[in-house]
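A.B. asks: Below is the structure I would like to discuss, written out as structure tokens.
In the numbering used here, the protein residues as written are 19 to 584.
Have a look at this one:
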């Protein structure tokens, strides 16, 4: 029999037309019930607005009802009745009734499964992508895709329905939400940066594509992706617990699967799959293009396709820019070397380029000597739309990341910084040796007098690192200190409990005989109080773990208790 009821009704409330039969879990916008129409017994899903006095919530309710009424998409419930078109009338209590889809939510269904096969997970994900593609073709972005908003009719994975268009975007309803840019939308299943408060990209369909990847991830792992990047910068599939589950769920497809997640979970919109169809094609190839009997050229072609993601392309671009920047700095060092007559040598160590930064160390020596006059560790770091050059932890130059400028301004900045430091170490006998850069966060004092002043100011003891400049390479000072101070925790404990100094043996011999009977073939550490009275000394052992223990014990032993009255 043909349903002659109009979808839009003018009743002020739902009660004259519908009877509740079962309370259901509702969304953030309204209360939900299974209901029966009084006039003909038709079953529907009844949603009643929660915030009756919020004009924007009322308008969103109308936009949601319009979506159900207009799309006609297979997999989206159709509107049966609503009075939300009268949302501007405060006497109206808006309600929506859609088709009732009998079945569990995806969350309820997944919680009953010990595991989900890759084939079933893909079936569900492809069905979801088809629905999203149909929505996008009509100008709608859902923006709230999560397990609670998906129903599997009858519990069958292939019969998926997408619900709750309460925060969707579409232009079918002539409503302009002026406050939306300053509000966060989305959900806690996967918080996306473009849906955060202040973002101007809240209407981008790539958000839905990212949510769909989150559903695939959830099906295979049972875990929420939560955020695109955790505190350590790892994407959902890169976290250790997730990686183990993905390996177990899809061992044969793991490389393909990780490449899909690389692109779908990219933090920047521009790096994600551009369309639903692009992601859909990649998923289908993952299942169907498994290795069989193939030629080497076919295997190489498949590998190129697997690895040719926007994330990898951006990574390679970043690495190329960082590498070029490191070389440009080295070129300036070589120019400075020639400009001072070529009387010093430059050597290189520690070249390392990743997607996060590029780092290199250049050190200066006299010709024929391995004793470093000056050691400079420099790095290029991407920061937003800029590329920063830091030399010995000091930002010396910044330029546009997309089009770096290594012209006169760059050469002048590097030359000025370098020339000043070379002149200082060559003309000042009390200048800190090049090994001072190993201390990283806080540079050591270069004299005991400076250390005593700082120790009195901070009411801390002094931890001096002592070297003999007559020994080859200062007694392998760089090697010893490099390992001793390798761990950040060691340095944090040391800097919190002591004022540090890096001084030659002569500075200690001028105040005490504590080291006169000691071998100085290797450098030593020495604890002094604020009056420069020696308390304890030992050889610097090149062992990061042992150093952390030793410094921790020294901090407990001396703490702040060796002040002026000690």
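Note that beta-carbon positions come from the ideal geometry of N, C-alpha and C, so glycine has one too. This one's a predicted model, so the numbers in the text were calculated from it and none came from an experiment.
(1) Looking only at C-alpha atoms, which of 386, 124, 400, 577 sits nearest to residue 490?
(2) Looking only at C-alpha atoms, which of 469, 36, 331, 227 sits nearest to residue 373?
(3) Compute the beta-carbon to beta-carbon distance between residue 568 and residue 497, rounded to the nearest angstrom, for a pair I have assumed lies under 8 Å.
(4) Tell me whether residue 105 sits in a helix, a strand or coil according to DSSP, three-state version.
(5) Starting from residue 484, trace the beta strand (DSSP E) both ways and give me its first and last residue.
(6) Taking the C-alpha atoms as reference points, what is the distance between residue 91 and residue 65?
(7) Which residues bound the beta strand (DSSP E) around residue 522?
(8) Let's test the definition: count the other Cβ atoms within 10 Å of the Cβ of residue 220 and tell me whether it reaches 16, buried, or not, exposed.
(9) Report the three-state DSSP secondary structure of residue 384 (helix, strand or coil).
(10) Could you give the uninterrupted runs of the alpha helix (DSSP H) lying entirely in the segment 271-334, keeping only those of 4 residues or more?
(11) Please state the DSSP three-state secondary structure of residue 53.
(12) Which residue wins for smallest C-alpha separation from residue 523, given the options 74, 512, 536?
(13) How is the beta strand (DSSP E) around residue 169 delimited, first residue to last?
(14) With DSSP as the reference, label residue 32 as helix, strand or coil.
(15) Grab me the residues of residue 147's own chain with a C-beta within less than 7 Å of its C-beta, minus the 5 sequence neighbours each way, in chain order.
(16) Take the Cβ of residue 110 as the centre, count every other Cβ of all protein chains shown within 10 Å, and call the residue buried at 16 or more, exposed below.
(17) Once you ignore the five residues that flank residue 370 on each side, which residues in its own chain have a CB closer than 8 Å to its CB?
(18) Find out if the Cβ-Cβ distance for the pair residue 519, residue 466 is shorter than 9 Å.
(19) Count the other CB atoms within 10 Å of the CB of residue 585; is the residue buried (16 or more) or exposed (fewer)?
(20) Around the C-beta of residue 275, are 16 or more other C-beta atoms found within 10 angstroms, so that it is buried, or is it exposed?
(21) Tell me the DSSP bridge mates of residue 570?
(22) Does the segment 241-261 come into contact with the segment 199-212, if we say contact requires no fewer than three beta-carbon pairs (one atom in each stretch) closer than 8 Å?
(23) Give me whichever residues DSSP pairs with residue 370 in a beta bridge.
(24) Straight-line CA distance for residue 546 to residue 431?
(25) Which residue wins for smallest C-alpha separation from residue 454, given the options 391, 533, 562, 415?
(26) Would DSSP call residue 576 helix, strand or coil?
(27) Between residue 27 and residue 114, what straight-line distance do the alpha-carbon atoms span, to the nearest angstrom?
(28) Compute the Euclidean distance between the alpha carbons of residue 197 and residue 483, then round it to the nearest angstrom.
(29) With DSSP as the reference, identify every bridge partner of residue 400, one or two as the case may be.
(30) Please state the DSSP three-state secondary structure of residue 26.
(31) Residue 367: buried (16+ other C-beta within 10 angstroms of its C-beta) or exposed?
(32) For the segment 54-74 against the segment 125-145, are there 3 or more C-beta pairs whose distance is under 8 Å?
(33) State whether the segment 122-129 contacts the segment 90-107, with contact taken as three or more CB pairs (one from each stretch) at a distance under 8 Å.
(34) Any idea if residue 336 is buried or exposed, counting beta-carbon neighbours within 10 angstroms, 16 or more meaning buried?
(35) Consult DSSP for residue 48 and reduce its assignment to one of helix, strand or coil.
(36) Apply the 10 Å Cβ neighbour rule to residue 140 and answer buried if 16 or more other Cβ atoms are within range, or exposed otherwise.
C.D. replies: In short:
(1) 386
(2) 331
(3) With 8 Å as the limit, residue 568 and residue 497 do not qualify as a contact, their Cβ atoms being about 17 Å apart.
(4) coil
(5) 480-485
(6) 20 Å
(7) 517-522
(8) buried
(9) strand
(10) 272-282, 294-306, 314-325
(11) strand
(12) 536
(13) 168-170
(14) coil
(15) 230, 294, 297, 298
(16) buried
(17) 376, 377, 378
(18) yes
(19) With the chain represented from 19 up to 584, any question about residue 585 goes unanswered, as that position is not in the structure.
(20) buried
(21) The partner list for residue 570 (beta bridge, DSSP) is empty, contrary to what the question assumes.
(22) yes
(23) 377
(24) 40 Å
(25) 391
(26) helix
(27) 10 Å
(28) Annotation note: pLDDT 46 at residue 197 (below 50); position unreliable, no value reported.
(29) 405
(30) strand
(31) exposed
(32) no
(33) no
(34) buried
(35) strand
(36) buried
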